[in-house]
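J.:
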Amino acid sequence: MVMERLGIDLQKISGQNGTFKKSTVLQLGIRMLDVLEYIHENEYVHGDIKAANLLLGYKNPDQVYLADYGLSYRYCPNGNHKQYQENPRKGHNGTIEFTSLDAHKGVALSRRSDVEILGYCMLRWLCGKLPWEQNLKDPVAVQTAKTNLLDELPQSVLKWAPSGSSCCEIAQFLVCAHSLAYDEKPNYQALKKILNPHGIPLGPLDFSTKGQSINVHTPNSQKVDSQKAATKQVNKAHNRLIEKKVHSERSAESCATWKVQKEEKLIGLMNNEAAQESTRRRQKYQESQEPLNEVNSFPQKISYTQFPSSFYEPHQDFTSPDIFKKSRSPSWYKYTSTVSTRITDLESSTGLWPTISQFTLSEETNADVYYYRIIIPVLLMLVFLALFFL
Numbered sequence: 001m002v003m004e005r006l007g008i009d010l011q012k013i014s015g016q017n018g019t020f021k022k023s024t025v026l027q028l029g030i031r032m033l034d035v036l037e038y039i040h041e042n043e044y045v046h047g048d049i050k051a052a053n054l055l056l057g058y059k060n061p062d063q064v065y066l067a068d069y070g071l072s073y074r075y076c077p078n079g080n081h082k083q084y085q086e087n088p089r090k091g092h093n094g095t096i097e098f099t100s101l102d103a104h105k106g107v108a109l110s111r112r113s114d115v116e117i118l119g120y121c122m123l124r125w126l127c128g129k130l131p132w133e134q135n136l137k138d139p140v141a142v143q144t145a146k147t148n149l150l151d152e153l154p155q156s157v158l159k160w161a162p163s164g165s166s167c168c169e170i171a172q173f174l175v176c177a178h179s180l181a182y183d184e185k186p187n188y189q190a191l192k193k194i195l196n197p198h199g200i201p202l203g204p205l206d207f208s209t210k211g212q213s214i215n216v217h218t219p220n221s222q223k224v225d226s227q228k229a230a231t232k233q234v235n236k237a238h239n240r241l242i243e244k245k246v247h248s249e250r251s252a253e254s255c256a257t258w259k260v261q262k263e264e265k266l267i268g269l270m271n272n273e274a275a276q277e278s279t280r281r282r283q284k285y286q287e288s289q290e291p292l293n294e295v296n297s298f299p300q301k302i303s304y305t306q307f308p309s310s311f312y313e314p315h316q317d318f319t320s321p322d323i324f325k326k327s328r329s330p331s332w333y334k335y336t337s338t339v340s341t342r343i344t345d346l347e348s349s350t351g352l353w354p355t356i357s358q359f360t361l362s363e364e365t366n367a368d369v370y371y372y373r374i375i376i377p378v379l380l381m382l383v384f385l386a387l388f389f390l
């Protein structure tokens with residue numbers, strides 16, 4: 001949101017007691033009535049009128065602006081005025097020194113609230129004090145004092161006039177404000193006429209036409225404060241830059257440390273994997289060498305098998321027809337496949353293969369097959385004959 005640049009507020013240019021000349025006070029009241037009329041026509045109330053929220057124009061100090069709409073309230077949304085309803089939980093809202101009786105009671109602000117607040121402000125600017133200033137820490141006491149002030153008008157205001165001056169305009173202004181109903185529209189022109197009964201055209205404000213411009217040439221104390229504030233801001237900015245630099249350096253250092261740790265961890269993992277792989281290969285190599293070691297650990301004198309129960313002679317030719325003319329084992333012969341082994345020490349490993357080649361497993365198998373080829377048909381013939389004679 002873009003806003004016009006404004007100048008100093010009235011609180012800073014007021015006198016030691018926060019007072020202005022009577023003509024200035026009345027003129028400020030008239031200008032504020034114009035502002036309030038515009039705001040009220042747009043269905044809003046301000047609710048926090050005070051010198052600290054009145055700012056002079058930056059380029060034209062004769063203009064007065066009403067700022068700070070933090071407490072503004074839409075009193076008449078879509079043309080429907082809010083109903084009067086007291087709510088003690090929301091009581092004493094706003095600046096306690098100037099807020100209206102409706103705000104003290106927790107009632108939603110209306111147009112009469114702004115007019116009443118403006119009357120308290122003008123009384124404060126002219127007299128330099130209010131009847132309840134000693135009790136600002138006690139909102140209930142302030143509310144009671146405001147009620148008494150409004151109930152005893154106009155005498156309650158006239159007695160607060162400084163010496164050599166009169167508060168009759170402000171007293172009459174507050175009488176009109178106090179007589180307004182909650183939802184009643186103020187007569188802005190009548191209120192302006194109370195503050196300017198002779199209809200004198202408004203001129204420049206007396207504090208805006210002094211020998212020096214308020215906005216351009218500020219007091220020395222304000223310049224010193226501005227310089228201090230600027231120096232403080234520069235120091236803060238410098239400190240922030242230093243903190244950012246230190247933070248970035250720490251971040252870079254921590255990042256580098258993290259990378260180094262990560263690389264060391266990866267190297268450690270690679271070394272562990274390499275060591276594990278080497279161990280696995282060594283184990284495999286040892287496992288593969290175990291059978292060879294067992295073979296090498298055997299004595300060179302190797303055993304061979306012999307079938308002493310066999311009824312065949314070694315190197316016997318089973319293909320010869322004469323083999324069947326020779327005597328065989330008895331008829332009660334029972335074949336046994338179990339072989340007896342006997343370890344025979346050999347002089348050297350070279351004598352193993354000739355010994356084993358003397359009798360091979362294939363020759364014995366062929367002999368058995370040939371034998372059973374003759375026995376089985378004979379047995380079958382005997383079975384048929386037995387069945388035939390039975």
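full-length UniProt numbering applies: residue 1 is where the sequence shown begins, and numbers increase by one. Ideal placement from N, C-alpha and C gives every residue a C-beta, glycine not left out.
1) If we require 3 or more residues per run, which beta strand (DSSP E) segments fall completely within the region 57-113?
2) What residues are listed by DSSP as bridge partners for Leu-55?
3) Ser-100: which of Gly-18, Leu-195 and Ile-49 sits nearest, CA to CA?
4) Can you tell which of Ala-67, Thr-257 and Asn-87 has its C-alpha closest to the C-alpha of Ile-39?
5) On the premise that Pro-186 lies in contact with Val-115, defined as a C-beta separation below 8 Å, what is that separation, rounded to the nearest angstrom?
6) Considering only the alpha carbon of each residue, which of Arg-112, Asn-80, Gly-203 and Asn-148 lies closest to Ser-23?
7) From which residue to which residue does the alpha helix (DSSP H) around residue 450 run?
8) Spell out the partners DSSP gives Tyr-44 in its beta bridges.
9) Tell me which residue opens and which closes the alpha helix (DSSP H) that Lys-193 is part of.
10) Helix, strand or coil, according to DSSP, for Ala-161 in the structure here?
11) Quick check on Phe-20: buried or exposed, where buried means 16 or more other Cβ atoms within 10 Å of its Cβ?
12) Of the choices Leu-387, Lys-82 and Glu-133, whose alpha-carbon is the least far from that of Arg-111?
13) Quick check: what's the CA-CA separation for Glu-43 versus Lys-236?
14) If you compare alpha carbons, which of Leu-26, Gln-276 and Tyr-120 is closest to Leu-153?
15) Can you tell which of Asp-9, Lys-90 and Tyr-73 has its C-alpha closest to the C-alpha of Val-64?
16) Following the continuous alpha helix (DSSP H) through Cys-176, name the residue where it begins and the one where it ends.
17) Since Leu-54 contacts Tyr-188 with CB under 8 Å, what's their CB separation in whole angstroms?
18) Ignore the nearest five residues each way along the sequence and tell me which others in Glu-86's own chain have a CB closer than 7 Å to its CB.
19) Between Leu-118 and Ala-177, is the Cβ-Cβ spacing less than 9 Å?
20) Label Gln-27 either buried or exposed according to how many other C-beta atoms from any shown protein chain fall within 10 Å of its C-beta, with 16 as the threshold for buried.
21) Cutting at 8 Å between CB atoms, please list the residues of its own chain near Glu-97, excluding the five before and the five after it.
22) Does the Cβ of Arg-373 have 16 or more other Cβ atoms within 10 Å, making it buried, or fewer, making it exposed?
23) What's the gap between the Cα of Pro-139 and the Cα of Val-157?
24) Report the option in Asn-148, Asn-80, Pro-162 and Asp-183 whose CA atom is closest to the CA atom of Ser-113.
25) First and last residue of the alpha helix (DSSP H) that includes Gln-143?
26) To the nearest angstrom, how far is it from the Cα of Glu-243 to the Cα of Val-2?
27) Please state the DSSP three-state secondary structure of Gly-29.
28) With burial defined as no fewer than 16 other Cβ atoms inside 10 Å of the residue's Cβ, what is the status of Val-45: buried or exposed?
29) Three-state secondary structure (DSSP) at Phe-389?
30) On the criterion of 16 or more Cβ atoms from any shown chain inside 10 Å, does Gly-199 qualify as buried, or is it exposed?
31) Counting only the same chain and skipping the five closest in sequence on each side, list residues whose C-beta sits under 6 Å from that of Asp-102.
32) Quick one: using the 10 Å Cβ neighbour count with 16 as the cut-off for buried, is Val-25 buried or exposed?
33) Please work out which residues of its chain come closer than 6 Å, Cβ to Cβ, to Gln-261, disregarding the five sequence neighbours upstream and downstream, and give them in chain order.
T.: Looking at the atomic coordinates:
1) Inside the region 57-113, DSSP marks whole beta strand (DSSP E) runs of 3 or more residues at positions 64-66, from first to last along the chain.
2) Residue pairing by DSSP places Leu-55 opposite Asp-9 and Tyr-65 in a beta bridge.
3) Nearest option by C-alpha distance: Ile-49.
4) Ranking the options by Cα distance to Ile-39, first place goes to Ala-67.
5) With a Cβ gap of about 5 Å, Val-115 and Pro-186 count as contacting.
6) Taking only the C-alpha atoms, the option nearest Ser-23 is Gly-203.
7) Nothing about residue 450 can be read from this structure; the chain reaches only from 1 to 390.
8) Secondary-structure assignment with DSSP links Tyr-44 through a beta bridge to Arg-74.
9) Residue range 188-195 is occupied by the alpha helix (DSSP H) that includes Lys-193.
10) Residue state, collapsed to three classes: coil.
11) By the neighbour-count criterion, in which 16 or more other beta carbons inside 10 Å mark a residue as buried, Phe-20 falls on the buried side.
12) Relative to the Cα of Arg-111, the nearest Cα in the group Leu-387, Lys-82 and Glu-133 belongs to Lys-82.
13) One C-alpha to the other measures close to 43 Å.
14) Looking at the Cα atoms, Tyr-120 is the closest of the given residues.
15) It is Asp-9.
16) Counting along the chain, the alpha helix (DSSP H) containing Cys-176 begins and ends at 168-178.
17) Going by Cβ atoms, the distance from Leu-54 to Tyr-188 rounds to 18 Å, so no, they are not a contact pair.
18) Counting only residues of its own chain and dropping the five nearest sequence neighbours on each side, Glu-86 has a CB closer than 7 Å to the CB of Lys-105, Gly-106 and Val-107.
19) One thing to note: Leu-118 has its Cβ within 9 Å of the Cβ of Ala-177.
20) Only buried fits Gln-27, as 16 or more other CB atoms lie within 10 angstroms of its CB.
21) Cβ neighbours of Glu-97 beyond the five flanking positions: Lys-50, Tyr-120, Arg-124, Leu-130, Trp-132, Glu-133, Leu-136 and Val-142.
22) Exposed is the call here.
23) Cα to Cα, the separation comes out at about 21 Å.
24) Measuring C-alpha to C-alpha distances from Ser-113 to each of Asn-148, Asn-80, Pro-162 and Asp-183 identifies Asp-183 as the nearest.
25) Counted as a single uninterrupted DSSP element, the alpha helix (DSSP H) harbouring Gln-143 occupies residues 139-151.
26) So the two alpha carbons sit approximately 32 Å from each other.
27) Secondary structure at Gly-29: helix, using DSSP grouped into helix, strand and coil.
28) Flag for Val-45 reads buried.
29) The answer is helix: DSSP assigns Phe-389 an H, G or I state.
30) Classification for Gly-199: exposed.
31) Result list for Asp-102: Ser-113, in chain order.
32) Classification for Val-25: buried.
33) For Gln-261, where only same-chain residues beyond five positions count, there are no Cβ hits under 6 Å.
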